[in-house]
Amino acid sequence: MIGEAKSTKGLVFVVLSAFFFAIEYLLFDAVFQKSNISPQSALFWAFLTIDFIVFPFFLFKRQQRRKLAITIQRDGMTVLGISVISTFAIFSLFWGIAESNSGIASLLHETQMIFIPLLGVVLLKEILGWRQLLGIALALIGFICISSLKGEASFGVVAAVVFSAFLYSLQSFFIKKYAPGLSGPSFSFLRTIIITLLWGMGMVLFGQGLEPPSWQILLLLFVAGMSGTFVSQIFYFEAHNYLPISTLNIYSLAQPVFVLVGSILLLNAPFSLLKGIGALLILSGLVLVTHGHMTSRKREIEDRISGI
């Protein structure tokens, strides 16, 4: 009974995480539909409002200032490099949402789960199992279905969002290799500050200006950023205490489902049989990839233990 209660609590946390992450996608989608704001302006103002809210937390608490200083001294270059990667990753994702809709962008962005084992093959000399290979094949067929949606998801949109997913996966490997034990809150804060500065300078250099949007749009950008950057992550990390990683990652696939349904019901995104088939193929492929990856990692750990 205790195990069942623990699993149920973990499931609630991961579903809440997926729900709040879906809110971020849907709100950004609404912003792009209801205003003529560019993806780069939306990115800049979303991150700037988050900076103002979380800044006092890191400045006024001595413990957080100490952790921040340690992170800068020990992992400063890694944080800077990852922030540059994140800047391109976030812009590619924002552009994909602006040019298509949140449902498709959210679904395609889950390809992070495919890039993780692929990067493991390239960088860590891991071997893909049959489940992972089948999952990748199904997902690729799903991408072809999605990219053939005329007027809704061009090949450029698919390429941009998948490129964003690749960059997100790449930064995870950099963290594990160059900054083990990195302070999550300090990293998130520094990353947000650096991205804001990079985009602000870039917009000024390219003559786009930094005129703020209306307060209604600014509020939507703030709520979207806080929902996905902080609230969703709180529930996601808490779920780690109740669920194994393999189960956690599979449940996390509820997020693109939430976004797809929300975009259709709330934002009048079109629905078609082709989109449904593409979404089903991608989600099925991601489940197989995730399950296969976690199974291979578990087998590797068991082999190491048995060899001791």
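With this note's numbering applied, the sequence shown covers 44 to 351.
Glycine is no exception: its CB is placed at the ideal position from the N, C-alpha and C atoms.
Collapsed DSSP secondary structure at residue i in the structure displayed
i: serine 78; result: coil
i: lysine 110; result: helix
i: phenylalanine 131; result: helix
i: tyrosine 285; result: coil
i: serine 126; result: helix
i: threonine 239; result: helix
i: phenylalanine 314; result: coil
i: proline 299; result: helix
i: serine 143; result: coil
i: leucine 253; result: coil
i: alanine 222; result: coil
i: serine 197; result: coil
i: glycine 245; result: helix
i: lysine 52; result: helix
i: threonine 121; result: helix
i: valine 58; result: helix
i: glycine 172; result: coil
Chain B within 7 Å of residue i, Cβ atoms only
i: glutamine 107; result: Absent from the structure: chain B. Only one protein chain is present.
Nearest-angstrom beta carbon gap, residue j and residue i [assumed within contact, 8 Å]
i: alanine 141; j: proline 82; result: 5 Å
i: phenylalanine 232; j: phenylalanine 101; result: 5 Å
i: alanine 267; j: phenylalanine 71; result: 5 Å
i: leucine 69; j: leucine 310; result: 7 Å
i: leucine 331; j: leucine 177; result: 6 Å
i: serine 78; j: proline 313; result: The pair is not a contact, with the Cβ atoms about 21 Å apart (cut-off 8 Å).
i: alanine 182; j: isoleucine 325; result: 5 Å
i: glycine 185; j: glycine 328; result: 6 Å
i: leucine 59; j: phenylalanine 278; result: 4 Å
i: phenylalanine 249; j: phenylalanine 209; result: Contact flag wrong, Cβ pair sits at about 25 Å.
i: isoleucine 238; j: isoleucine 133; result: 7 Å
Inter-residue spacing [alpha-carbon to alpha-carbon] between residue i and residue j
i: valine 247; j: glutamate 254; result: 11 Å
i: glycine 271; j: valine 200; result: 21 Å
i: phenylalanine 87; j: serine 135; result: 14 Å
i: leucine 264; j: proline 223; result: 32 Å
i: leucine 123; j: phenylalanine 75; result: 29 Å
i: isoleucine 113; j: isoleucine 236; result: 17 Å
i: isoleucine 80; j: arginine 174; result: 42 Å
i: tyrosine 285; j: lysine 52; result: 7 Å
i: isoleucine 307; j: leucine 111; result: 42 Å
i: phenylalanine 259; j: methionine 269; result: Checking the sequence, you will find glutamine at residue 259 rather than phenylalanine. Cα to Cα, glutamine 259 sits roughly 16 Å from methionine 269.
i: phenylalanine 137; j: phenylalanine 206; result: 12 Å
i: glycine 119; j: tyrosine 221; result: 11 Å
i: proline 228; j: isoleucine 320; result: 39 Å
i: phenylalanine 103; j: isoleucine 93; result: 16 Å
i: valine 97; j: phenylalanine 198; result: 37 Å
i: glutamine 107; j: valine 204; result: 34 Å
i: arginine 352; j: arginine 105; result: This structure leaves residue 352 out entirely; the chain is present only between 44 and 351.
i: serine 315; j: serine 275; result: 29 Å
i: phenylalanine 95; j: glycine 172; result: 46 Å
i: leucine 261; j: alanine 282; result: 31 Å
i: arginine 109; j: alanine 297; result: 37 Å
Member of the options whose CA lies at the smallest distance from the CA of residue i
i: leucine 213; options: Thr121, Ser270 and Ala182; result: Thr121
i: glutamate 67; options: Val302, Ile179, Ile80 and Gly250; result: Val302
i: leucine 241; options: Lys110, Ser126 and Asp118; result: Ser126
i: threonine 154; options: Arg109, Tyr211, Phe230 and Arg108; result: Tyr211
i: phenylalanine 217; options: Ile133, Ser275 and Ile128; result: Ile128
i: alanine 65; options: Phe273, Gly328, Phe103 and Leu316; result: Phe273
i: serine 300; options: Lys104, Phe95, Ala89 and Ser145; result: Correcting the residue identity first, residue 300 is valine in this sequence and not serine. Valine 300 has its Cα closest to that of Ser145, out of Lys104, Phe95, Ala89 and Ser145.
i: alanine 89; options: Pro99, Gly243, Lys104 and Leu54; result: Gly243
i: serine 84; options: Thr130, Val97, Arg108 and Pro99; result: Thr130
i: leucine 317; options: Phe158, Ala282 and Cys188; result: Cys188
i: alanine 202; options: Ser143, Gly305 and Ala282; result: Ser143
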